[in-house]
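J.: After the structure tokens below, expect a handful of questions from me.
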Amino acid sequence: MSLYEKLANEIARSIRDGVLRVGDKLPSVREACASRGVSPSTVFQAYYLLEARGLIRARPRSGYYVNARGDCLPPEPDTSCPDGESTELAISERIFDILDSVRNRDVTPLGSAFPSPLLFPLPRLAQAMSAHLKRQDPLDTMEDLSPGNPGLRRQIALRYLIAGINVPASDIVVTNGALEALNLCLQAVTRPGDTVIVEAPTFYGALQALERHGLKALERHGLKALEVPTHPRTGVDLGAIETAIQRHAPTACWLMTQFQNPLGSLMPEEKKRQLVELLARHQIPLIEDDVYGELYFGATRPVPAKAFDKQGLVLHCSSFSKCLAPGYRIGWASAGRYAQRVQRLKLSSTLSASSPAQGAIAEYLEQGGYDRHLRRLRETLQAQQDLMANAIAREFPAGTRVTRPQGGFFLWLEMPAAVDALALHRQALARGISVAPGPIFSASGQFGNALRLNYGHPWDDAKADAIRSLGEMARAACQLAARPS
Ligand SMILES: Cc1ncc(COP(=O)(O)O)c(C=O)c1O
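So this note's numbering is basically just the index in the sequence shown, starting at one, shifted up by 13.
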């Protein structure tokens with residue numbers, strides 16, 4: 014990170030923490046140079062960057078002032094309104110087509126589900142793997158079979174402990190990424206034909222898992238998804254969950270309580286507690302997908318719903334894929350009263366996660382430095398969110414709404430109704446830009462005018478151009494629709 018980016022991040026933190034308030038004047042360039050011991054060009058570049066992030070604004074012949082955050086951003090979307098019916102799924106083909114585009118390096122990856130690999134400490138992980146392999150007793154590989162590497166499970170249990178959650182290492186099953194953990198948990202608590210509550214919109218991987226789970230069992234019916242209204246800031250509507258329980262007798266919930274994909278919503282702590290209590294009253298297990306929990310922008314890590322689980326009904330799943338080691342495919346499930354069932358399903362399906370990858374991550378965590386890496390990653394992501402949100406505000410047509418997540422690396426846009434997100438996705442791909450169109454996040458094909466955009470890649474001219482092109486395409490669709498026929 015260059016000097017001016019560091020300075021910009023420090024000032025951004027002062028704004029976020031309320032030390033610098035809306036309307037406050039920033040020190041003049043001369044004052045900042047003297048107090049920080051940096052050159053005028055460093056201060057100028059930092060101020061330009063903060064301006065591009067929408068955090069400060071220049072007033073002619075007066076200086077730079079703090080903006081109200083979100084002052085110049087479009088409004089947020091409303092709570093979603095799914096139709097309240099359960100849906101059998103046939104969504105996979107559409108999703109595979111779209112995911113294919115993300116593989117191509119020449120495409121600007123706004124549709125990708127991963128942040129840039131350049132944001133991760135890959136050289137240090139490689140060293141940790143080499144150190145681990147040099148020291149490893151060949152017989153240790155047998156110990157790494159499911160439930161997994163004991164050192165890694167201890168480190169994961171320690172991270173729970175730091176978050177104030179008591180999860181014994183013996184309850185943790187290491188998996189091939191969170192997706193396997195989630196699938197195993199789903200298999201542990203449902204049977205084909207059951208109904209599962211999901212958010213609207215939801216992660217397409219959840220919809221694919223529900224669809225496939227039935228097919229695997231050679232039943233005619235997969236699992237049914239029951240989509241519940243979800244607020245872009247505070248997550249699922251608990252009243253709607255209660256009604257859904259009464260009307261549809263669901264067998265499980267699959268929810269993302271923290272930095273939900275794609276909305277970025279974060280359920281407040283009290284709401285998580287109420288959710289766990291509500292489900293406990295009905296003895297319904299909660300599969301909690303928490304892969305983004307470490308990527309918070311606030312002062313402290315929000316706790317997952319698992320923290321309020323007294324009955325072992327929360328199956329908490331996460332991984333290192335989004336915050337440390339993409340490609341290592343190391344995740345885990347802490348499945349409460351279902352832990353043994355999940356472990357046996359793991360043993361009878363893929364046996365274990367890769368032993369060297371488990372060892373490398375255990376070694377890295379033992380060496381320390383993970384929290385320092387996470388702090389840097391969060392700062393970078395927040396800066397990139399500001400830059401992308403401001404570019405969207407400039408380039409997209411009036412009537413566009415955009416989320417303001419407090420963590421993660423996705424923005425969710427709802428464009429005017431005239432814009433067809435699937436058509437825009439095809440058009441964008443022809444110009445070398447990938448996006449994730451809204452309908453892939455819905456069992457019932459809703460969100461036809463929405464997009465999920467990834468800001469987890471360094472902001473550069475290519476990203477700025479991509480947002481400009483997407484905005485142009487959206488505006489053109491609006492103009493076409495407004496033309497008299
Ligand atoms: C919400 C959510 N859950 C789970 C996963 C899968 O995680 P992993 O790569 O660790 O399997 C993803 C990846 O996109 C995701 O967005």
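Built from N, CA and C at the ideal position, the CB exists for glycine as well. Here the structure is a predicted model, which is why all the values come from computation and not from measurement.
Under a Cβ-count criterion, where at least 16 other Cβ atoms within 10 Å of its own Cβ denotes burial, should residue 231 be classed as buried or exposed?
T.: The residue given as residue 231 occupies position 218 in the sequence shown. Reliability of the predicted coordinates at residue 231 is poor, the pLDDT of 41 falling under 50, and the value obtained from them is presented with this limitation in mind. Result: exposed.
J.: Just the C-alpha distance for residue 134 and residue 395, rounded to the nearest angstrom, thanks.
T.: As a first step, residue 134 is located in the sequence shown; it is residue number 121 there, counting from the start. As a first step, residue 395 is located in the sequence shown; it is residue number 382 there, counting from the start. Computed Cα separation, rounded: 18 Å.
J.: Short of 7 Å in beta carbon distance, which residues of its chain neighbour residue 17, apart from the five on each side in sequence? Order them along the chain.
T.: As a first step, residue 17 must be located in the sequence shown, where it is residue number 4. Excluding residues within five positions, the ones whose Cβ falls inside 7 Å are 55, 58, 59 and 62.
J.: What does the alpha-carbon distance come out to for the pair residue 128 and residue 416?
T.: If you number the sequence shown from 1, residue 128 lands on position 115. If you number the sequence shown from 1, residue 416 lands on position 403. Answer to the nearest angstrom: the Cα atoms are 18 Å apart.
J.: Using only the alpha-carbon positions, how far apart do residue 22 and residue 66 sit?
T.: To locate residue 22, count along the sequence shown from 1; it is residue 9. To locate residue 66, count along the sequence shown from 1; it is residue 53. Rounded to whole angstroms, residue 22 to residue 66 spans 11 Å at the Cα level.
J.: By alpha-carbon positions, which one of 35, 89 and 94 ends up nearest to residue 70?
T.: As a first step, residue 70 is located in the sequence shown; it is residue number 57 there, counting from the start. Nearest C-alpha to residue 70: 35.
J.: Looking at C-alpha atoms only, which residue of 495, 474 and 370 is the closest neighbour of residue 143?
T.: Indexing the sequence shown from 1 puts residue 143 at position 130. Out of 495, 474 and 370, 370 has the C-alpha closest to the C-alpha of residue 143.
J.: Listed by chain order, which residues have C-beta atoms less than 5 Å from any heavy atom of ligand 1?
T.: Spelled out in chain order, the answer is 126, 190, 191, 192, 216, 274, 302, 304, 332, 334 and 344.
J.: Please report the straight-line C-alpha distance between residue 263 and residue 97, rounded to a whole angstrom.
T.: Sequence index remark: in the sequence shown, residue 263 carries index 250 (1-based). Sequence index remark: in the sequence shown, residue 97 carries index 84 (1-based). Taking the straight line joining both Cα atoms gives about 13 Å.
J.: Thinking C-beta only, is residue 272 closer than 8 Å to residue 391?
T.: For the purposes of this step, residue 391 is taken as the residue at position 378 of the sequence shown. For the purposes of this step, residue 272 is taken as the residue at position 259 of the sequence shown. It is not a contact, given that the beta carbons lie outside the stated cut-off.
J.: Below 8 Å on the Cβ atoms is my guess for residue 245 versus residue 278; work out the distance and round it to an integer in Å.
T.: In the sequence shown, counting from the first residue as 1, residue 245 sits at position 232. In the sequence shown, counting from the first residue as 1, residue 278 sits at position 265. Residue 245 to residue 278, Cβ: 6 Å. Contact.
J.: So does the region 368–384 actually touch the region 157–174, counting three or more Cβ pairs closer than 8 Å?
T.: Touching, per the Cβ criterion.
J.: Quick one: is residue 331 buried, meaning 16 or more other Cβ sit within 10 Å of its Cβ, or exposed?
T.: Residue mapping note: residue 331 aligns to position 318 of the sequence shown, counting from 1. Buried, since its Cβ has 16 or more Cβ neighbours within 10 Å.
J.: I want to see whether chain B comes within less than 8 Å of residue 108, judged by CB atoms only; does it?
T.: No chain B is present in this structure, which holds just one protein chain.
J.: Please say whether residue 240 and residue 219 have beta carbons closer to each other than 8 Å?
T.: Sequence index remark: in the sequence shown, residue 219 carries index 206 (1-based). Sequence index remark: in the sequence shown, residue 240 carries index 227 (1-based). Result no, Cβ atoms of residue 219 and residue 240 do not sit closer than 8 Å.
J.: Should residue 155 go down as buried or exposed, given a rule of 16 or more other Cβ atoms within 10 Å for buried?
T.: On the sequence shown, residue 155 is found 142 positions in, with the first residue counted as 1. Exposed is the call here.
J.: Does the count of Cβ pairs from the region 337–344 and the region 309–329 closer than 8 Å reach three?
T.: Verdict: no, contact absent.
J.: Tell me which same chain residues have a C-beta within less than 8 Å of the C-beta of residue 149, skipping the five on either side of it?
T.: The residue labelled residue 149 in the question sits at position 136 within the sequence shown. Once the five neighbours on either side are set aside, the close Cβ partners of residue 149 are 372.
J.: From the DSSP output, in three-state form, read off residue 576 for me.
T.: Lying outside 14 to 498, the shown extent of the chain, residue 576 is not represented and no answer is given.
J.: Can you look up residue 295 in the DSSP assignment and give me helix, strand or coil?
T.: On the sequence shown, residue 295 is found 282 positions in, with the first residue counted as 1. Correct three-state label for residue 295: coil.
J.: With three or more beta-carbon pairs closer than 8 Å as the criterion, would you say the region 347–362 touches the region 195–211?
T.: Yes, the region 347–362 touches the region 195–211.
J.: In whole angstroms, what is the alpha-carbon distance linking residue 402 and residue 95?
T.: If you number the sequence shown from 1, residue 402 lands on position 389. If you number the sequence shown from 1, residue 95 lands on position 82. Between residue 402 and residue 95, the C-alpha separation is close to 26 Å.
J.: Would you mind reading off the limits of the alpha helix (DSSP H) that contains residue 159?
T.: The residue labelled residue 159 in the question sits at position 146 within the sequence shown. No alpha helix (DSSP H) holds residue 159; DSSP gives it neither H nor E.
J.: Using only the alpha-carbon positions, how far apart do residue 276 and residue 421 sit?
T.: Within the sequence shown, the letter at position 263 stands for residue 276. Within the sequence shown, the letter at position 408 stands for residue 421. Distance between the alpha carbons of residue 276 and residue 421: 10 Å.
J.: Would DSSP call residue 240 helix, strand or coil?
T.: The residue labelled residue 240 in the question sits at position 227 within the sequence shown. Note: residue 240 maps to strand in three-state DSSP.
J.: Measure the CB-CB distance between residue 439 and residue 454 and report whether it falls below 8 Å.
T.: As a position in the sequence shown, residue 439 is number 426, starting the count at 1. As a position in the sequence shown, residue 454 is number 441, starting the count at 1. Result no, Cβ atoms of residue 439 and residue 454 do not sit closer than 8 Å.
J.: Between the C-alpha atoms of residue 99 and residue 210, what's the straight-line distance to the nearest angstrom?
T.: As a working note, residue 99 is residue 86 in the sequence shown. As a working note, residue 210 is residue 197 in the sequence shown. Distance between the alpha carbons of residue 99 and residue 210 is about 9 Å.
J.: Alpha carbon to alpha carbon, what distance is there between residue 444 and residue 186?
T.: Position 173 of the sequence shown, counted from the start, is the residue given in the question as residue 186. Position 431 of the sequence shown, counted from the start, is the residue given in the question as residue 444. When rounded, the distance between both Cα atoms is 43 Å.
J.: Determine whether the beta carbon atoms of residue 49 and residue 86 lie at a separation below 8 Å.
T.: The residue labelled residue 49 in the question sits at position 36 within the sequence shown. The residue labelled residue 86 in the question sits at position 73 within the sequence shown. No, they are not a contact pair.
J.: Are there three or more Cβ pairs, one per stretch, closer than 8 Å when the region 422–438 is compared with the region 175–189?
T.: No, they do not touch.
J.: Apply the 10 Å Cβ neighbour rule to residue 177 and answer buried if 16 or more other Cβ atoms are within range, or exposed otherwise.
T.: Residue 177 sits at position 164 when you count from the first residue of the sequence shown. Per the 10 Å Cβ criterion, exposed.
J.: For the candidate residues 113, 192, 296 and 202, whose alpha-carbon lies nearest to that of residue 352?
T.: The residue given as residue 352 occupies position 339 in the sequence shown. Checked all of 113, 192, 296 and 202; the closest Cα to residue 352 is 202.
J.: On a Cα-Cα basis, can you pick out the residue from 484, 496 and 478 that is closest to residue 8?
T.: In the structure as shown, the chain begins at 14 and stops at 498. Residue 8 is therefore absent and cannot be evaluated.
J.: Quick one: what's residue 80 bridged to in DSSP?
T.: What you label residue 80 is simply residue 67 of the sequence shown in a count that begins at 1. Note: residue 80 sits in no beta bridge, so no partner.
J.: Return the chain-ordered list of same chain residues with a C-beta closer than 6 Å to the C-beta of residue 45, the five sequence neighbours on each side being excluded.
T.: As a first step, residue 45 is located in the sequence shown; it is residue number 32 there, counting from the start. Same-chain partners within the cutoff: 56.
J.: By alpha-carbon positions, which one of 428, 431, 398 and 137 ends up nearest to residue 419?
T.: By 1-based counting over the sequence shown, the position of residue 419 is 406. When each option's Cα is compared against that of residue 419, the closest is 398.
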